[in-house]
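For reference, the structure is listed below as C-alpha cells.
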Amino acid sequence: MINNFKAAFRNPFADMLYFILIISEKCPICGKIIDAYSKVDLSLILDNRSPNHSIADLIKNYMGRQYINKPNCVCGYRGNLIEEKMFFTIPEYLVLDLDKGGKVVFDHQIDLSAYIEKSIYPIYPTKYELYAVINREVNNDSNMQFVCTIKEKGQWTFYS
C-alpha cells in the first residue's frame, strides 16, 4: 500500500495534506496481530455527536483502541479483537472533518505525538496550530454555503 501511495501521489500536495494510517487487529489475550492494513486519506473524519468535546478528545476517541467483532485467534481465544490505529506518516497541514453533530471546543494546538509510529517520530512535526475553520451551513432557502474563519496576524477574521 505504501509503495502504491508513493507512485500514485507523487505531487507537491501529498506531503502537505495526505497521511498514511496503519490499522492493526490484535488478539487481546496473546497480542498476536491477526490482520493489518493501511489507509491513505486527506482528512480525519471525527464523530462529534456528543456536545462540547475538544478536538483532542475527538482525535483520542478516533485513534483509541476499539473492540471489533472478528473472533478466533490461533491461541484459542474466541471473542472480539482489538483494533489499534497509528500514523505511519502525517501531513504538513492537518485537515479534520467534523461530521454533523454537537458543538466542539477548538484546541488552538493539537499534538499527535501519542499516535505516531515511533520509528518515524523524529521525521515529522507532531503539533498543529489551529488557523482556519470552515463551516458548512444551510440557509433559509435550503441552499448550502460555506463560511470560513481564519487566523491572520493573531486576529480571527470571518468570511462568508
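The sequence shown begins at 66 in the numbering used here and counts up by one. Heads up, the beta-carbon is just placed ideally off N, CA and C, and yes, glycines get one too.
>> Spatial neighbours of S225 within its chain, please: C-beta separation below 7 Å, excluding the five flanking residues on both sides.
In response: If you number the sequence shown from 1, residue 225 lands on position 160. Counting only Cβ-Cβ distances below 7 Å, and skipping sequence neighbours, we find V212.
> For F74, which three-state DSSP category applies?
Replying inline: Counting from one through the sequence shown, the residue named residue 74 turns up at place 9. If DSSP states are grouped into helix, strand and coil, F74 belongs with coil.
> Where does N145 fall in DSSP's three states?
Replying inline: Counted from its first residue, the sequence shown places residue 145 at position 80. Of the three classes helix, strand and coil, the one that applies to N145 here is coil, per DSSP.
> Since V198 sits in a beta bridge, which residues does DSSP pair it with?
Replying inline: On the sequence shown, position 133 is the one that residue 198 refers to. Paired residues: T214.
> CB-CB under 6 Å to T214, same chain, minus the five flanking residues each way: which ones, in chain order?
Replying inline: Looking up residue 214 in the sequence shown gives position 149. Answer for T214: V198, W221 and F223, listed in chain order.
> The alpha helix (DSSP H) spanning Y127 covers which residue range?
Replying inline: Residue mapping note: residue 127 aligns to position 62 of the sequence shown, counting from 1. Where Y127 is concerned, the enclosing alpha helix (DSSP H) stretches over I120 to M128.
>> How far does the beta strand (DSSP E) with K104 in it extend, from its first residue to its last?
In response: Reading the sequence shown from its first residue, position 39 is the one you call residue 104. Its beta strand (DSSP E) spans residues I98 to D106.
> If you draw a straight line from the alpha carbon of P156 to that of R114, how long is it in whole angstroms?
Replying inline: Your numbering for residue 156 matches position 91 in the sequence shown. Your numbering for residue 114 matches position 49 in the sequence shown. Cα to Cα, the separation comes out at about 26 Å.
> Below 8 Å, can you find three or more Cβ-Cβ pairs linking the region 116-136 to the region 67-83?
Replying inline: no
> If we ignore side chains and look at the alpha-carbon of each, how far apart do K97 and I181 end up?
Replying inline: The count along the sequence shown starts at 1 and reaches residue 97 at position 32. The count along the sequence shown starts at 1 and reaches residue 181 at position 116. Roughly 20 Å between the two C-alpha positions.
>> Which residue marks the beginning of the beta strand (DSSP E) containing K91, and which one marks its end?
In response: Position 26 of the sequence shown, counted from the first residue, corresponds to residue 91. First-last of the beta strand (DSSP E) with K91: F84 to K91.
> In terms of residue numbering, what span does the beta strand (DSSP E) encompassing I133 cover?
Replying inline: Sequence index remark: in the sequence shown, residue 133 carries index 68 (1-based). Its beta strand (DSSP E) spans residues Q131 to I133.
> To the nearest whole angstrom, what separates the beta carbons of I99 and C140, a pair I think is in contact under 8 Å?
Replying inline: Against the sequence shown, residue 99 aligns to sequence position 34. Against the sequence shown, residue 140 aligns to sequence position 75. About 10 Å; that fails the 8 Å criterion.
> Do you know offhand how far D176's Cα is from K192's?
Replying inline: Locating residue 176 in the sequence shown gives position 111, counting from the first residue. Locating residue 192 in the sequence shown gives position 127, counting from the first residue. Each residue's Cα considered, the two are about 4 Å apart.
>> Counting C-beta neighbours from all protein chains within 10 Å, is the total for F171 16 or more, i.e. buried, or is it exposed?
In response: By 1-based counting over the sequence shown, the position of residue 171 is 106. By the 10 Å Cβ count, F171 comes out exposed.
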